[in-house]
Amino acid sequence: MPLFKKQLILVFLFTTTFLFAQKSAIYTSSFQDYQKALTLYNNQQYKAAQSLFDDIKYSTEDEVLKSDCSYYIANCAVRLNQKNADDLIEEFVEEYPTSTKRNTAFLDVADYYFENSKYAYARKWYDKVDDRSIARTEREKFNFNYGYSLYATKDKRGATKYLNRVANSKDYGSQAKYYIGYMAYEGDDYDTANSYFDQVADNEKYKEKLNYYQADLNFKLGRFEKAIELAEAQINKSNAEEVSELSKIIGESYFNLGNYAEAIPYLKAYKGKRGRWNNTDYYQLGYAYYKQDDFENAISEFNKIIDGNNGVAQNAYYHLGESYINLEKKQEALNAFRNASQMDFDEKIKEDAWLNYAKISYEIGNPYQSVPQVLSGYLEAYPTTAYKEEIETLLIDSYITSKNYKEALSLLKSKGSFENKLAYQKVAFYRGVELYNETKYNEALDLFESSLKEPRDPVYLARATFWKAETDYNLTNYNEALIGFKEFQLEGEASQVTESKNLDYNLAYTYFKLKDYGQASAYFQKFISSNSGDKLRENDAYLRLADGHFVSSKYQDAISAYEKAIRLNKIETDYAAFQKAMSYGYIGKGPTKISELNTFIDGYPKSGLRDDAMYELANSYVKAGDTDKAMRMYDRLNKDYQRSAFISKSLLRQGLVHYNANDNERALSKFKRVAKDYAGSEESIQAVSTARLIYIDLGRVDEYASWVRSLDYVEITDAELDNTTYLAAEKQYLDGNTDQAIRQFNKYLNGFSNGIHALKSHFYLAQLYYKKDLFENAQPHYESVVNASKNEYTEQAIVKLSEIYLNDSNWSSAIPVLQRLEQEADYPQNIIYAQSNLMNAYYQTEDYTNAERYADEVLSSSNLDAKIKSDAKLIIARSAIETGNESKAKSAYAEVEKLASGSVAAEALYYNAYFKNKDGQHDASNTVIQKLAKDYSSYKLYSAKGLVIMAKNFYALKDAFQATYILESVISNFPEFKDVVNEAKAELTKIKSEEAKTNSSIEIDDN
């Protein structure tokens, strides 16, 4: 070899040796650092190890070493819980896809998370592991860990697959079988669960847990004795939560075996899920008590079942109803049976519950629907029931006892059996009486006639005959009324009914209205002779008897009857005294008349007839020639009663006295005042006529003509035509030709709007329109009479005009008219009429102070009609409610309840219950509501309001079922009463929110 070449080779070898030695030194240093980092890693010094691995990775050029460092850097990040740990693992896999540590990385991270019980993280990385690349020795651990991670993350199918791979493993077999069994248990595969649990039953690690699960498994498999045995063996070794669950297993097992006494203590020991029971829990304990005849405790559990809508709930509500029945709590039983009857889960229970619901409804009434509807509904649903005959009997009777006549009538119209026609006869009669009491006479008349068309029961035939006559009387059909009373008198059962007691009185009044005073007097006398104790009617009978004699010119007999009325001193004593005085005048005993009238004026200072007496006394003085006393009495009348209808007459009489005394100027003064202040009245016409004579006597005709032209109602040239036109209309009126009279009076008023007879024509025309129920037509004519100077028609017109306003609810127009009637009325009954309607008008306009004031005024009157008295007390009660004076309202409603009927009675009963609820008398309040439901169920508003009160009572009595069921029924059954429904919803939400704290079955509706 050449030397040059040899030297070159030596240089190359030297260089290579140097470079290798240098590289080897670097590698050795990195390897040492790597070993040091590995030691730190194995000693769990992850932060230091990660830092050193990181330094090595960026200082070495060895790809294998770099790969290993990346692996450990990522592993340290996992163990240090660094945020980018998962990214570092992913980066390692992507950067070194061929690394032998790829699978190890996934497995190692997964195992780390598994060992730290982070199973969701562990599962994520186990999912990436290639199980075919795992060493055989590590494969069982992987299968178990991966299987358990799948179990922990709710993938039971995957968990079962991997755990089954190690089911026979020495190390993992017991655990795997336990978890496979537990998953089968959770999936309700009890046989599989039992099989696996049996295989690990001897393992001390699982023995205690298995005792609970196996007890529960045996319970669920229906092996109740075994369940009890296992649970009782475990119960003393368990914590509080497990004791609760084991108690439930033992209690339910005894329950299913029918050993209810043994079940009760265990069922009670159960604490519920998260401290709350569900409806089934309450049902089981309630039923166990029920089977022990411990109905109080049964109820206390059953009535906690709220919102139940399944077979368990239907069963519970049925047995709740039976428990209530055993404790004589029928109202509560009604709701329970009704609820059970509305569920379709068990048809036998439904039918039996409906039967009980129907029977109890008949006994105590029903606030939700009429009793006939309940009974007929049951028969329609179960037409072949063995109880058909019994229920049909109850149905017929219920039409009457429920007093829900309106609905009963509509139900009966479609039924044609004899029994139903008999019921229809009675119900039509009672509904007629109901409408009569509400002054709906035309509707009442139709129903009495309907009752008479079904003459099945002679008692009701007689009663309907009487009340039809009474209704005809109130409709002023006096001839029909007379025929009806006579027919009643001939009915065989008439003497057996209460209506016969005052028949003579009714007949007397009917004859009186027909102006057959002879017959009227005979019947009034007959009534008086047979009357026993009814002093008020006796007093009235003497008055009308006297009036009959008076109009028949039998004045001595009239005086005798008036004196007897005065002695009784029950009603209208002032009227009797006045009429007595007048009677003395008609029999020529002028001085006695004068004496009686003076006594009357002094003895009755508040009488509405006092102005009549003064006028008559002044006239009597004139007749007796004592004009000075006469003029003083006329002056007294004019001063004390400036708005009296007698003022125009008094002034005219004074003018005539002056005229007869030739005191012409003073006479003219009086006549002119009458002509001016009472324009159009008959007195004004006579005043003008007499003044004309004076002016003629004085020769001052021009002065008379000038004066007369200022009076627009005097049309001298048309006087004859005026009289003729009026008389034509009046004749039709007196002959009873209503339509012709209306046409003629309108013709007169169109021709003579300010005519001599205009006032009388307006009044007669108004009366004719009113009789035909043409109230809008009548109104302006009554207004013309009322707005004229006071006259003989004023009082009647005011009464009729106020009636029109009141019927239209035109309170603002009615109030001033009624106030005027109160001040000006001559008849005491009209004063009471005005005051009673004023109290109502003020109430309607929300002027509660005046409403109460007038109600008190009405009640201060003696001998009030019961209805007016009831109305007055009702206004006081309602006004007190509106003004928040509940103490006054309470006492007022108590008084109303004693007198009222119909809707007012329902209202009074509601407030009775309302105040008892507020006083904490919950049972007593419910008793009142039961009466309301039984006797006044047709008045739906108060039924609904009463039920809300009842619900509050029951909740206060710790009966949540009754409270919620009633409120739900109000919401579904009474949608037309929005305020009541809203109150029910609010109360229901409040109760459910409270009950949901202990009952997990209750769902709160946010709406």
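Here the sequence shown stands for residues -21 to -1, 1 to 986, where the numbers follow mature numbering (1 follows the signal peptide of the UniProt record, and there is no 0).
Even glycine gets a Cβ: it sits at the ideal position worked out from N, Cα and C.
Legend entry - Helix, strand or coil at residue 679 according to DSSP, with G and I counted as helix: By one-based count along the sequence shown, residue 679 stands at place 700. DSSP places residue 679 outside both helix and strand once states are collapsed to three, so it counts as coil.
Legend entry - Given 8 Å, three or more beta-carbon pairs between the region 276 to 290 and the region 872 to 882: no
Inset, instruction - Since I believe residue 235 is in contact with residue 203 (beta carbons under 8 Å), could you give me their beta-carbon distance rounded to a whole number of angstroms? - result: Along the sequence shown, read from residue 1 onward, the residue named residue 203 stands at position 224. Along the sequence shown, read from residue 1 onward, the residue named residue 235 stands at position 256. With 8 Å as the limit, residue 203 and residue 235 qualify as a contact, their Cβ atoms being about 5 Å apart.
Inset, instruction - Pair every Cβ in the region 548 to 562 with every Cβ in the region 844 to 856, then say whether three or more of these pairs are closer than 8 Å. - result: no
Inset, instruction - Provide the residue span of the alpha helix (DSSP H) that contains residue 901, from first to last. - result: Position 922 of the sequence shown, counted from the first residue, corresponds to residue 901. Its alpha helix (DSSP H) spans residues 901 to 914.
Inset, instruction - Please state whether DSSP places residue 972 in a helix, a strand or coil. - result: On the sequence shown, residue 972 is found 993 positions in, with the first residue counted as 1. DSSP places residue 972 in helix when its eight states are reduced to three.
Legend entry - Reference residue 485; option with closest CA among 461, 471, 494, 496: Residue 485 sits at position 506 when you count from the first residue of the sequence shown. Minimum Cα distance to residue 485 is reached at 461.
Legend entry - Cβ pair residue 597, residue 616 closer than 9 Å: Taking the first residue of the sequence shown as position 1, residue 597 is located at position 618. Taking the first residue of the sequence shown as position 1, residue 616 is located at position 637. Closer than 9 Å, so yes.
Legend entry - Unbroken alpha helix (DSSP H) run spanning residue 116, endpoints: The residue given as residue 116 occupies position 137 in the sequence shown. Looking at the DSSP string, the run of the alpha helix (DSSP H) that includes residue 116 is 115 to 131.
Legend entry - Through-space distance from residue 137 to residue 968, alpha-carbon basis: Translated into the one-based positions of the sequence shown, residue 968 becomes position 989. Translated into the one-based positions of the sequence shown, residue 137 becomes position 158. Going by the C-alpha atoms only, they are around 45 Å apart.
Inset, instruction - Leaving out five residues on either side along the sequence, give the residues of the same chain with a beta carbon under 6 Å from the beta carbon of residue 904. - result: One-based indexing of the sequence shown puts residue 904 at position 925. These residues qualify, in order along the chain: 892, 895, 896, 932.
Inset, instruction - For residue 144, I'd like the list of residues in its chain whose CB is within less than 7 Å of its CB, leaving aside the five on either flank, ordered along the chain. - result: Here residue 144 refers to the residue found at position 165 of the sequence shown. Excluding residues within five positions, the ones whose Cβ falls inside 7 Å are 122.
Inset, instruction - Determine, using beta-carbon pairs with one atom in the region 731 to 746 and one in the region 704 to 711, whether at least three such pairs fall under 8 Å. - result: yes
Legend entry - At least 3 beta-carbon pairs within less than 8 Å: the region 74 to 94 vs the region 32 to 47: yes
Legend entry - Under 9 Å between C-beta atoms of residue 943 and residue 750: Counting from one through the sequence shown, the residue named residue 943 turns up at place 964. Counting from one through the sequence shown, the residue named residue 750 turns up at place 771. No, Cβ-Cβ distance for residue 943 and residue 750 is not below 9 Å.
Inset, instruction - Ignore the nearest five residues each way along the sequence and tell me which others in residue 1's own chain have a CB closer than 6 Å to its CB. - result: Within the sequence shown, the letter at position 22 stands for residue 1. Low per-residue confidence applies at residue 1: pLDDT is 47, beneath 50, and the placement is therefore not dependable, though the value from the model is reported in the following sentence. The answer is none, since no qualifying residue turns up.
Inset, instruction - Note down, in chain order, each residue of its chain lying with its Cβ closer than 6 Å to the Cβ of residue 855, except the 5 sequence neighbours on either side. - result: Taking the sequence shown and counting its residues from 1, one reaches residue 855 at position 876. The residues are 831, 834, 871.
Legend entry - Residues of its chain near residue 540, where Cβ-Cβ distance is below 7 Å and the 5 sequence neighbours each way are ignored: The sequence position of residue 540 within the sequence shown is 561, counting from 1. Around residue 540: 521, 524, 525, 528.
Inset, instruction - For residue 617, name the three-state secondary structure that DSSP assigns. - result: Taking the sequence shown and counting its residues from 1, one reaches residue 617 at position 638. Here residue 617 sits in helix by DSSP.
Legend entry - Backbone secondary structure at residue 255 - three-state DSSP: Within the sequence shown, residue 255 is the residue found at index 276, counting from 1. Here residue 255 sits in strand by DSSP.
Legend entry - Element boundaries [alpha helix (DSSP H), containing residue 754]: Here residue 754 refers to the residue found at position 775 of the sequence shown. Where residue 754 is concerned, the enclosing alpha helix (DSSP H) stretches over 754 to 766.
Inset, instruction - Please classify residue 63: does DSSP put it in a helix, a strand, or coil? - result: In the sequence shown, counting from the first residue as 1, residue 63 sits at position 84. Coil at residue 63, not helix or strand.
Inset, instruction - Go ahead and pull the three-state DSSP assignment for residue 978. - result: Sequence index remark: in the sequence shown, residue 978 carries index 999 (1-based). If DSSP states are grouped into helix, strand and coil, residue 978 belongs with the strands.
Inset, instruction - Return the chain-ordered ranges of every alpha helix (DSSP H) run that is complete within the region 823 to 855 and spans a minimum of 4 residues. - result: 827 to 838
Inset, instruction - Report the three-state DSSP secondary structure of residue 351 (helix, strand or coil). - result: Locating residue 351 in the sequence shown gives position 372, counting from the first residue. Reduced to three states, the DSSP call for residue 351 is helix.
Inset, instruction - Compute the beta-carbon to beta-carbon distance between residue 277 and residue 265, rounded to the nearest angstrom, for a pair I have assumed lies under 8 Å. - result: Here the question's residue 277 lines up with position 298 in the sequence shown. Here the question's residue 265 lines up with position 286 in the sequence shown. Sure, about 5 Å apart at Cβ, within 8 Å.
Legend entry - residue 889 vs residue 950 beta-carbon contact at 9 Å: Sequence index remark: in the sequence shown, residue 889 carries index 910 (1-based). Sequence index remark: in the sequence shown, residue 950 carries index 971 (1-based). In this structure, residue 950 does not lie closer than 9 Å to residue 889 by Cβ.
Inset, instruction - Identify whether residue 654 lies in helix, strand or coil by the three-state DSSP scheme. - result: Reading the sequence shown from its first residue, position 675 is the one you call residue 654. The answer is helix: DSSP assigns residue 654 an H, G or I state.
Legend entry - Cβ separation of residue 563 and residue 538, assumed to be a contact under 8 Å, to the nearest whole Å: The residue labelled residue 563 in the question sits at position 584 within the sequence shown. The residue labelled residue 538 in the question sits at position 559 within the sequence shown. Sure, about 7 Å apart at Cβ, within 8 Å.
Legend entry - Distance CB(residue 389)-CB(residue 411) smaller than 9 Å: Here the question's residue 389 lines up with position 410 in the sequence shown. Here the question's residue 411 lines up with position 432 in the sequence shown. Contact flag unset, no.
Inset, instruction - Indicate whether residue 16 and residue 50 have their beta-carbon atoms separated by less than 9 Å. - result: The sequence position of residue 16 within the sequence shown is 37, counting from 1. The sequence position of residue 50 within the sequence shown is 71, counting from 1. Remark: C-beta atoms of residue 16 and residue 50 do not approach each other more closely than 9 Å.
Legend entry - Burial state of residue 801, where buried means 16 or more other Cβ atoms lie within 10 Å: Sequence index remark: in the sequence shown, residue 801 carries index 822 (1-based). The residue in question, residue 801, is buried, as its Cβ has 16 or more Cβ neighbours within 10 Å.
Legend entry - Classification of residue 632 by the beta-carbon crowding that lies within 10 angstroms, buried from 16 upward: Here the question's residue 632 lines up with position 653 in the sequence shown. Buried, by the Cβ-count rule.
Inset, instruction - Specify the secondary structure class of residue 382 as computed by DSSP and reduced to three states. - result: Against the sequence shown, residue 382 aligns to sequence position 403. Of the three classes helix, strand and coil, the one that applies to residue 382 here is coil, per DSSP.
Inset, instruction - Evaluate residue 37 with the Cβ neighbour count: other Cβ atoms within 10 Å of its Cβ, from every protein chain shown; 16 or more gives buried, anything less gives exposed. - result: Stepping through the sequence shown from its first residue, residue 37 is reached at position 58. Label assigned to residue 37: exposed.
Inset, instruction - Note down the Cα distance separating residue 724 from residue 789, rounded to an integer number of angstroms. - result: Taking the sequence shown and counting its residues from 1, one reaches residue 724 at position 745. Taking the sequence shown and counting its residues from 1, one reaches residue 789 at position 810. Roughly 28 Å between the two C-alpha positions.
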